[in-house]
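Okay, structure first, notes after.
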Amino acid sequence: MPTDQTLPPYVLNPDGVVFDLDGVLCDTEPLWAEARFAIAAEVGGRLVEEDFHRFYGANTQQWGSAMAEILGHPDANEIATRTINHLDSLYRSGRVQVIPAGVAAVRRAAARGPIAIASGSPRSIIATLIEILGLADAVQTYVSCDEVAGGKPLPDVYLEACRRIGITPERSLAIEDSLAGARAGKAAGMSVVVVPLPGAPSSTGAAEIADVVLASLDELPLAAR
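So in our numbering, the last one in the sequence shown is 299, and the numbering has no gaps at all.
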């Protein structure tokens with residue numbers, strides 16, 4: 075476990091913190107997969123696990139188009155909308171796997187300075203998860219990759235999150251679990267803390283480009299302000 079002495083000063087005392095959502099505050103990859111498999115079956119198509127690498131870091135238009143192409147369906151918007159609606163139902167059924175250390179880290183960060191969430195999920199899904207996690211009072215703003223020009227690994231979503239809460243990227247933290255997200259944070263000029271999600275293909279390679287790698291966000295001490 076890192077100590078206060080081994081963590082760089084900018085990790086201990088950032089101007090602000092921007093958290094990824096899926097994989098950092100909750101593990102939703104199994105439910106995303108379930109929703110996509112369900113919609114594939116409904117439209118008479120077929121997905122395999124190898125197809126999912128095309129969805130990592132993508133915004134809704136991108137993964138909707140990729141999914142429609144794989145399924146041979148003519149309407150990417152319909153595929154995306156049906157998948158999102160199915161996913162929302164799964165979330166509201168009580169099956170979201172919360173990552174308690176991530177939720178606790180949000181509250182610690184919110185008690186000392188500005189925070190935001192930067193996610194590849196649609197805004198409606200981000201809002202649902204914030205409600206389920208009980209963080210509506212802690213999160214100042216959230217940004218979806220659908221609101222910016224490019225999804226992760228491009229820096230747009232992190233830059234917009236920093237702009238909205240008035241922090242300088244170079245003096246702030248991005249908290250991530252995935253390779254695409256870590257690349258996005260680095261491209262934005264932020265210091266990137268990676269907490270790999272065990273067994274998640276999307277986490278492969280993320281630790282190699284991180285400024286700090288932690289086994290759990292319980293290991294992230296933030297200096298009081």
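Virtual Cβ for every residue (Gly too), placed ideally from N, Cα, C.
{"query": "Length-filtered (4 minimum) alpha helix (DSSP H) runs lying within the segment 135-169", "result": "150-164"}
{"query": "Three CB pairs or more closer than 8 Å across the segment 288-299 and the segment 259-271", "result": "yes"}
{"query": "Within 8 Å, strictly: CB atoms of S246 and Y216", "result": "no"}
{"query": "CB-CB length for I173 against D101, believed under 8 Å", "result": "6 Å"}
{"query": "Whole alpha helix (DSSP H) elements within the segment 234-296, 4-residue minimum", "result": "253-261 and 280-283"}
{"query": "Reduced DSSP secondary structure (H/G/I, E/B, other) of G200", "result": "This sequence places Ile at residue 200; Gly is not what is there. Of the three classes helix, strand and coil, the one that applies to I200 here is helix, per DSSP."}
{"query": "At least three beta-carbon pairs within less than 8 Å, the segment 104-112 to the segment 154-168", "result": "yes"}
{"query": "Burial state of Q171 (16 or more Cβ within 10 Å)", "result": "exposed"}
{"query": "Expected contact under 8 Å - CB spacing of I191 and F126 to nearest Å", "result": "That belief does not hold up - the Cβ atoms of I191 and F126 are roughly 23 Å apart, past 8 Å."}
{"query": "F111: first and last residue of the uninterrupted alpha helix (DSSP H) it sits in", "result": "E103 to E116"}
{"query": "When S252, T155 and R197 are compared against G273, the one with the closest alpha-carbon", "result": "S252"}
{"query": "DSSP three-state assignment for A192, whether helix, strand or coil", "result": "strand"}
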